[in-house]
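Each residue of the sequence shown is one higher than the last, beginning at 1 in UniProt numbering.
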Amino acid sequence: MKELIRIRDMYKIYNPGEDEVRALDGVSLTICEGEFVAIIGHSGSGKSTLMNMLGCLDIPTAGKYYLDGKDVLSMTDNELSEIRNRTIGFIFQGFNLIQNLDAIGNVELPLIYRGIDRKTRRLVSKKALCMVGLEKRMKHRPSQMSGGQQQRVAVARAIAARPPVILADEPTGNLDSHSTAEIIQILKGLHKAGKTVIVITHDPDIAAQSRRVVRLEDGQIVEDYINEDYTSDDDTGRNLAGKDLTGEAMTSKGEEADV
């Protein structure tokens, strides 16, 4: 498998000196295309800090980070924004939906940033919402939906621009057991469709649903193993990626077709 993420000797230190806190303490991690990885740890373990690094949302005190072969730490702010938008689809615990936009409007946002024309982004957004089972909720605003439905909107938004990486930060933290099971099956479907799925969680039951488990303690990786009990026997999400979203290539202004 092609190497997609490579972190080497990464440190994140707050309050350097006598009272310093090492949120990350020499972390090295490689993730290849098509992996389904859970990064697990208790509060204060460093998992949220690592998530911010993986998502190009923060920079380390020291270390190296290569994303799809590109040196992230040498990028300008504009370049970081570009690689985030093209490479990573984010799913957050708090959904992070725009309250005055309906479901379609929320899903369209990353496509607007990509410069996708209105007709194509509307088509892609509708199909993404159908694929997560929200075909009857497209015109509903977040306040008109349950927590599970809002998280499915967030999943649709994450996959709409067809990023190769899905980065989910405690994606089931605000959900009941039924909605949690639905989201897990969607994530498994995305993995089955070839996406690289990274889930940040404190919950061992959620981590046990992934193919690979990386456990953090005190800013260090203390376990990294393959889950031999992993199964992906549900077809939910099989077509959540690639051209199946639109049936045609998406084209941004001034760029070639994205195939």
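Glycine included, C-beta positions come from ideal geometry on N, C-alpha and C.
Apart from the 5 residues on each side of it in sequence, Y65 sits with its Cβ closer than 6 Å to the Cβ of I7, V72, L73 in its chain, given in chain order. Going by beta carbons, A193 and T201 fall outside the 8 Å limit.
If only complete runs of 4 or more residues are kept, the segment 90-175 shows the alpha helix (DSSP H) at 103-114, 118-131, 147-160, in order along the chain. With distances taken between CA atoms, G105 lies nearest to R137 out of T87, L57, R137.
Boundaries of the alpha helix (DSSP H) around E82: 77-87. When C-alpha distances from P163 are compared across M1, E82, P60, V37, the shortest belongs to E82. When Cβ pairs closer than 8 Å are counted between the two stretches, the segment 146-155 is seen to touch the segment 97-104, the count reaching three or more.
Residue pairing of D58 in beta bridges, as defined by DSSP: absent, with no partner found.
Contact fails between the segment 118-128 and the segment 84-92, because fewer than three Cβ pairs, one in each stretch, are under 8 Å apart. Apart from sequence neighbours up to five positions away, the residues of its chain that approach I221 with a beta-carbon distance below 8 Å are V27, S28, L29, V214, R215, ordered along the chain. Residue pairing by DSSP places K12 opposite L24 in a beta bridge.
According to the DSSP assignment, A193 belongs to no beta strand (DSSP E), since it is labelled neither H nor E.
Shown here, D205 sits in a helix according to DSSP, grouped into three states. For Y225, the beta-bridge partners assigned by DSSP are V213.
Excluding residues up to 5 positions away in sequence, T172 lie with their Cβ nearer than 7 Å to the Cβ of T180 in the same chain. About 5 Å separates the CB atoms of F36 and V197; that is less than 8 Å, so the two are in contact. Here T30 carries a strand assignment [DSSP, helix/strand/coil]. Collapsing the DSSP output to three states places E18 in coil.
The C-alpha of K12 lies about 16 Å from the C-alpha of S43.
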